[in-house]
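Numbering (this note's numbering), first residue to last: -12 to 177.
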């Protein structure tokens, strides 16, 4: 979402996003209509079409907004030495998920968008790989690739479980668990 958007526009888009997420919990995307989103968001269809071409365009734009935020978080994290922690980065990721919990819960769930989950895994792999390598001083490329695939699957699994479970733990608590799992797994490289 653009920072210079009017507050009313942000509120309308949030209502539409929440409506979409609510509908996705009940049925697949291809069975959701603009009319249903508009009714649930308490807007008219014309308002919907001011922002999106159709339901698929809406989903794509919402996903792109989340990915832009993920990119921003990851790009702002630069470990300076192997003693730096992944914790601040992981906290920010969990905060982002909490801020977008309704939509993220649906997109990451088993019935969610497989393309979204693949894009998320690829983003984490592409953007975080260098930082994790730097922190852990990994030498064996093949072993590291297996470890990293394992970590990516574990992190996305944790994201989904946390969201589906109602986010009982704070983002800080979840970041602590995640960092501990990552670092204990990294012990195989010592």
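Glycine residues also receive a C-beta, built at the ideal position from the N, C-alpha and C atoms.
Its Cα nearest to that of residue 153, the residue 86 stands out among 86, 4 and 166.
Restricting attention to 157, 57 and -7, the CA atom closest to the CA of residue 111 is found in 57.
Distance from the CA atom of residue 108 to the CA atom of residue 25, rounded to whole angstroms, is 32 Å. Shortest Cα-Cα distance from residue 102 to any of 51, 136, 79 and 77 involves 51. With respect to residue 172, residue 134 sits close: the two C-beta atoms are nearer than 8 Å. Beta-carbon to beta-carbon, residue 2 and residue 29 are separated by about 7 Å, close enough to satisfy the 8 Å threshold. Residue 64: not part of any alpha helix (DSSP H); DSSP gives it neither H nor E. Excluding sequence positions up to five before and after residue 161, its CB lies within less than 6 Å of the CB of 81 and 149, all in the same chain and listed in chain order. Separation of residue 168 and residue 72 (C-alpha to C-alpha, rounded to the nearest whole angstrom) is 13 Å.
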